[in-house]
Amino acid sequence: MSRRALTLLLSGFLVLALGVVGAFQEVPYVVLSPGPTENTIGEVDKKPVISVKGRQTYDTKGALSLVTVAYQGGPAAQIDLLTALRGWIDPTVAVVPQETIFAPDRDPKEVEEENTVEMSNSQDSATAAALNELKIPYSMVVTVVSTEKGKPAEGKLHKNDEINSVDGKPAKTVDVVGDAVKAHKPGQSVVFNITRGKEKLDVTVPTIAGPEGQTLVGVLMQATYKFPFDVDINVGDVGGPSAGLMFSLGILDKLTPGELTGGKRIAGTGTIQPTGEVGAIGGIAQKMVGAKESGATVFLTPADNCAEAMKAVPDGLRLVKADTLHNAVLALDALRTGKGNVPACDAG
1 MSRRALTLLL SGFLVLALGV VGAFQEVPYV VLSPGPTENT IGEVDKKPVI
51 SVKGRQTYDT KGALSLVTVA YQGGPAAQID LLTALRGWID PTVAVVPQET
101 IFAPDRDPKE VEEENTVEMS NSQDSATAAA LNELKIPYSM VVTVVSTEKG
151 KPAEGKLHKN DEINSVDGKP AKTVDVVGDA VKAHKPGQSV VFNITRGKEK
201 LDVTVPTIAG PEGQTLVGVL MQATYKFPFD VDINVGDVGG PSAGLMFSLG
251 ILDKLTPGEL TGGKRIAGTG TIQPTGEVGA IGGIAQKMVG AKESGATVFL
301 TPADNCAEAM KAVPDGLRLV KADTLHNAVL ALDALRTGKG NVPACDAG
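Residue 82 in the UniProt record's numbering is what sits at position 82 of the sequence shown, and the numbering runs on without skipping anything.
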């Protein structure tokens, strides 16, 4: 073998070896893919997803499915370059920088705890929204779940404190409290009126700037509702707030005679406020793929996600715009009866 041929052969082996090593090099990206779907009027592990006690319920048919996004990667389990490359090639998944899911200054355990609390808040907000739609009264308080280590609220607000008001404004919801804090400039103080045990206190907490410049005090809150009957939602280890709309629809379907779905397989997504407003979510492309794979033919889409969804909707999946719970119910009624308006997503 000539020296030139030997050099080329050795170079080829070196390039191959470097390529193999590089393919298994960890990279700071996260792969998002279609996750499992759960029928909110069905069962998980032979248990109803939604159980109601103390109130009459009615039979349901079809499916009102929540959709999820699964992910690979993160600070504790980074993916390799080969996995990221496969993701970039696959049109059904997304590869995003790790910091878009896990903020650099956040402990992954804190993120997991926050997702769990968000799911719990979502379930309570969904129940509240359904009861509001049915004009069934209930009461609510905002409570402290935890405070972030090193943040201003640490040591000032305690777990299970009930927040009555912020700067004199009633704490009607978790979002109202959050917005009241964000209305301050970093460095200003916020006055929380709380109930701790049997005592009412005014607690002054300074604010700081968050990683994106937002004003925060470092408190994780939860809405604690007092409903006139028990609503239990069982979805396993699914986290985050994006199933709120589908929970509300599932609760409504169980509490009212007739069938919201008309026997169809409906899927959807969207956060929910107790007042019924539907909010935008992330991972809409992956959620639509999951919906289609589950057999759904209709996908309830938050109004603010419509433009993005139109660019990636799978064939055979009809997008229905949902801006409020009430309008989502009207859209399902129109789909079932063939009468009335079914609001469609548009690219605008």
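All C-beta atoms in this analysis are idealised placements derived from N, C-alpha and C, irrespective of residue type, glycine included. Just so it is clear, the structure is predicted and the values come from calculations on it, not from any experiment.
If you draw a straight line from the Cα of Thr116 to the Cα of Phe102, it is about 15 angstroms long. The DSSP-derived three-state label of Ile208 is strand.
In terms of Cα proximity to Gly42, the closest of Gly236, Ala312, Lys200, Gly250 is Gly250.
Nearest neighbour of Ser189 by Cα position, chosen from Asp167, Leu134, Gly279, turns out to be Asp167. Contact between Thr147 and Gly197 fails: their C-beta atoms lie close to 18 angstroms from each other, not under 8 angstroms. DSSP places Asn327 inside the alpha helix (DSSP H), whose first and last residues are 325-337.
In this structure, the CA atom of Met140 is about 35 angstroms from the CA atom of Gly340. Thr297 places its beta carbon 8 angstroms or farther from that of Leu319. Cα atoms of Arg55 and Pro137: separation of roughly 14 angstroms, rounded to the nearest angstrom. About 41 angstroms separates the Cβ atoms of Tyr225 and Asp315, ruling out a contact at the 8 angstroms cut-off.
For Glu38, there is no enclosing alpha helix (DSSP H); the residue is part of the beta strand (DSSP E) that begins and ends at 29-39.
Note on geometry: alpha-carbon atoms of Ser122 and Gln78 lie some 29 angstroms from one another. The Cβ atoms of Val238 and Thr100 lie no closer than 8 angstroms to each other.
DSSP, reduced to helix, strand and coil, places Val181 within a helical segment of the structure shown. Excluding its 5 nearest sequence neighbours in each direction, Val289 has C-beta neighbours in its own chain below 8 angstroms: Pro34, Thr92, Pro314, listed in chain order.
Straight across, the Cα-Cα distance linking Arg265 with Asp59 is about 16 angstroms.
Looking at the DSSP output, Leu216 shares a beta bridge with Ile208. By the Cβ rule, the segment 258-272 does not count as touching the segment 227-236, because fewer than three pairs are nearer than 8 angstroms.
In this chain, Val93 is not harboured by any alpha helix (DSSP H), its DSSP state being neither H nor E. In the DSSP annotation of this structure, the continuous segment of the beta strand (DSSP E) that includes Lys53 starts and ends at 50-53. The beta carbon of Ala285 is closer than 6 angstroms to those of Ala312 in its chain, skipping five residues each way along the sequence. No Cβ-Cβ contact shorter than 8 angstroms links Thr173 with Val191. Assigned with DSSP and collapsed to three states, Gly73 falls in coil, not helix or strand. When C-alpha distances from Pro211 are compared across Pro36, Lys292, Lys151, the shortest belongs to Lys151. One alpha carbon belongs to Gly187, the other to Asp202, and they sit about 19 angstroms apart. The DSSP-derived three-state label of Asn234 is coil. DSSP places Ser248 inside the alpha helix (DSSP H), whose first and last residues are 244-255.
By the Cβ test, the segment 151-161 is not in contact with the segment 266-286, since fewer than three Cβ pairs between them sit closer than 8 angstroms. In this structure, the straight-line span from the alpha carbon of Leu252 to that of Leu330 is close to 12 angstroms. Ala322 is positioned such that its CB atom lies closer than 8 angstroms to that of Leu245. Linking Thr37 to Ala126 through their CA atoms gives a straight-line distance of about 18 angstroms. In the structure shown, Leu134 adopts coil according to DSSP, grouped into three states. In this structure, DSSP gives Gln286 a helical state, which the three-state scheme calls helix. The beta-carbon distance between Glu114 and Leu216, rounded to whole angstroms, is 13 angstroms. This is too long to meet the 8 angstroms contact definition. Within its own chain, the residues whose Cβ lies closer than 7 angstroms to the Cβ of Ser165, once the five positions on either side in sequence are excluded, are Ala171, Asn193, listed in chain order. For Lys292, the secondary structure class from DSSP, reduced to helix, strand or coil, is helix.
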